[in-house]
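Engineer:
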Amino acid sequence: MCLEETVMGDDTPYPFEVIKESADYLLSGTQHRPKIGVICGSGLGGLADQLDERDVFPYESIPNFPVSTVAGHAGRMVIGLLSGVPVMCMQGRFHAYEGYPLWKCAMPVRVMKLMGVSHIIVTNAAGGLNPEYKIGDIMIIKDHINMQGFAGDSPLRGRNDERFGPRFPAMNNAYDKNLIAMAKKIVADMNLTNVVQEGVYVMLGGPTYETVAELNMLRIIGVDAVGMSTVPEVVVARHCGMKVFAFSLITNQCITQYDTDAQANHEEVIEVANIRKKDLQNLARRIIVNMSEEYQES
Numbered sequence: 067m068c069l070e071e072t073v074m075g076d077d078t079p080y081p082f083e084v085i086k087e088s089a090d091y092l093l094s095g096t097q098h099r100p101k102i103g104v105i106c107g108s109g110l111g112g113l114a115d116q117l118d119e120r121d122v123f124p125y126e127s128i129p130n131f132p133v134s135t136v137a138g139h140a141g142r143m144v145i146g147l148l149s150g151v152p153v154m155c156m157q158g159r160f161h162a163y164e165g166y167p168l169w170k171c172a173m174p175v176r177v178m179k180l181m182g183v184s185h186i187i188v189t190n191a192a193g194g195l196n197p198e199y200k201i202g203d204i205m206i207i208k209d210h211i212n213m214q215g216f217a218g219d220s221p222l223r224g225r226n227d228e229r230f231g232p233r234f235p236a237m238n239n240a241y242d243k244n245l246i247a248m249a250k251k252i253v254a255d256m257n258l259t260n261v262v263q264e265g266v267y268v269m270l271g272g273p274t275y276e277t278v279a280e281l282n283m284l285r286i287i288g289v290d291a292v293g294m295s296t297v298p299e300v301v302v303a304r305h306c307g308m309k310v311f312a313f314s315l316i317t318n319q320c321i322t323q324y325d326t327d328a329q330a331n332h333e334e335v336i337e338v339a340n341i342r343k344k345d346l347q348n349l350a351r352r353i354i355v356n357m358s359e360e361y362q363e364s
């Protein structure tokens, strides 16, 4: 019997012992001991298919794990080697609009922590709100706006367990500046400077896309890209003391004018991700290699 059966409802975050059960299950099924974790967003799961000596765990096989329900999310944890570096990749994530509380959306990050992961790459597909952004651009996330946090919801809500992190973690440096600087050098080396941006991401609850009024409000407060994920995972990663690097693939332009019949749709997200996947995979591969050099030196 999984320890999940002893936990009371979705309002109660899993205790340390339940998270450890999931981590121990994965560790027992692989010889790899990754220090780097990757969360792959919509249409971006191909990176996991590039791993060598892979061990694959469908989410439904992992004790206490949620299950992905969104197109473009394979719903598997893949652990293996990327350019010789041990990595674990989530092929698919969990969203509040699927019915999961925020703590459960971010629960895999705590599993990664207990498996020894110290650095995490979080990716997503997002709508470009900054008028200078083009479809297919890659936005390095320098900061986020946590709308759910404004409304009183958080993946850290509830009793705090100091074994994961402090009660009141700081978020002013959520996205590691050294990793961002390193990524910019890699972007220049890859001649991708013309398609890579740096900006502020906001997470909204979904699954509806935004109204014109909502998007215009978000632009006023400094948002560059809009999505439905990432923030809970980043908050929990920083709570756990992980170093975070994150980027968005701009898969559509946000509609900020009333006089248009255009509509955002998920099919466009998958299509653009497929077009840009080679660049994304090469970029992620080089960032991972450089990350491994950093944690080996530390």
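The sequence shown: position 290 = 356 (this note's numbering), numbered continuously. Even for Gly, the Cβ is constructed at its ideal location relative to N, Cα and C.
1. Rounded to a whole number of angstroms, what is the C-alpha to C-alpha distance between Asn-239 and Val-301?
2. Between Leu-147 and Leu-117, is the Cβ-Cβ spacing less than 8 Å?
3. Helix, strand or coil for Arg-223? Go by DSSP, reduced to three states.
4. Excluding sequence positions up to five away, which residues of its chain have a Cβ less than 7 Å from the Cβ of Met-213?
5. Taking only the alpha-carbon atoms, compute the straight-line gap between Pro-174 and Asn-226 and give it to the nearest angstrom.
6. Measuring only the C-alpha atoms, how far is His-185 from Ala-247?
7. I need the straight-line Cα distance from Glu-276 to His-210, nearest angstrom please.
8. Which stretch, first to last residue, makes up the beta strand (DSSP E) that contains Lys-208?
9. Can you grab the Cα-Cα spacing for the pair Asn-356 / Ile-252, in whole Å?
10. Just grab the DSSP bridge partners of Ile-316 for me.
11. Taking a contact to mean a Cβ-Cβ separation below 8 Å, would you say Met-205 touches Ala-291 in this structure?
12. Would you tell me roughly how many angstroms separate the C-alpha atoms of Phe-234 and Asp-327, rounded to the nearest one?
13. For the region 88–100 against the region 176–183, do three or more pairs of beta-carbon atoms, one drawn from each stretch, fall closer than 8 Å, so that the two count as touching?
14. From this set, Tyr-241, Gly-107 and Gly-193, which residue's C-alpha is nearest Val-278's C-alpha?
15. Residues in its own chain within less than 6 Å of Pro-221 by CB, not counting five upstream and five downstream?
16. Determine, using beta carbons only, whether Gly-307 and Gly-215 come nearer to each other than 8 Å.
17. Which runs of the beta strand (DSSP E), 3 residues or longer, sit entirely within the region 142–185?
18. Mind checking whether the beta-carbon of Ile-145 lies closer than 7 Å to any heavy atom of the ligand GTP?
19. Can you tell me which of the three DSSP states Tyr-275 falls into?
20. Based on DSSP bridge pairs, tell me the residues matched to Phe-123.
21. Where Phe-160 and Asp-255 are concerned, what is the direct C-alpha to C-alpha distance, given to the nearest angstrom?
22. Kindly indicate which three-state DSSP category Glu-264 falls into: helix, strand or coil?
23. Three-state secondary structure (DSSP) at Asp-327?
24. Leaving out five residues on either side along the sequence, give the residues of the same chain with a beta carbon under 7 Å from the beta carbon of Val-151.
Structural biologist: Taking the definition as stated:
1. 11 Å
2. In this structure, Leu-117 lies closer than 8 Å to Leu-147 by Cβ.
3. coil
4. So the list reads Val-268, Met-269 and Leu-270, once near-sequence residues are dropped.
5. 17 Å
6. Cα to Cα, the separation comes out at about 15 Å.
7. 17 Å
8. 204–212
9. 9 Å
10. In DSSP, Ile-316 forms a bridge with Ala-192.
11. yes
12. The alpha-carbon of Phe-234 is positioned some 45 Å away from that of Asp-327.
13. yes
14. Of the candidates Tyr-241, Gly-107 and Gly-193, the residue whose Cα lies closest to the Cα of Val-278 is Gly-193.
15. Leu-168, Trp-169, Ala-172, Pro-298, Val-301 and Val-302
16. no
17. 142–148 and 151–157
18. Questions concerning the ligand GTP fall outside what the structure shown contains, since it holds no ligand whatsoever.
19. In this structure, Tyr-275 counts as coil in the three-state DSSP scheme.
20. Phe-123 is bridged to Met-143.
21. 33 Å
22. strand
23. coil
24. Ile-102, Ile-354, Val-355 and Ser-358
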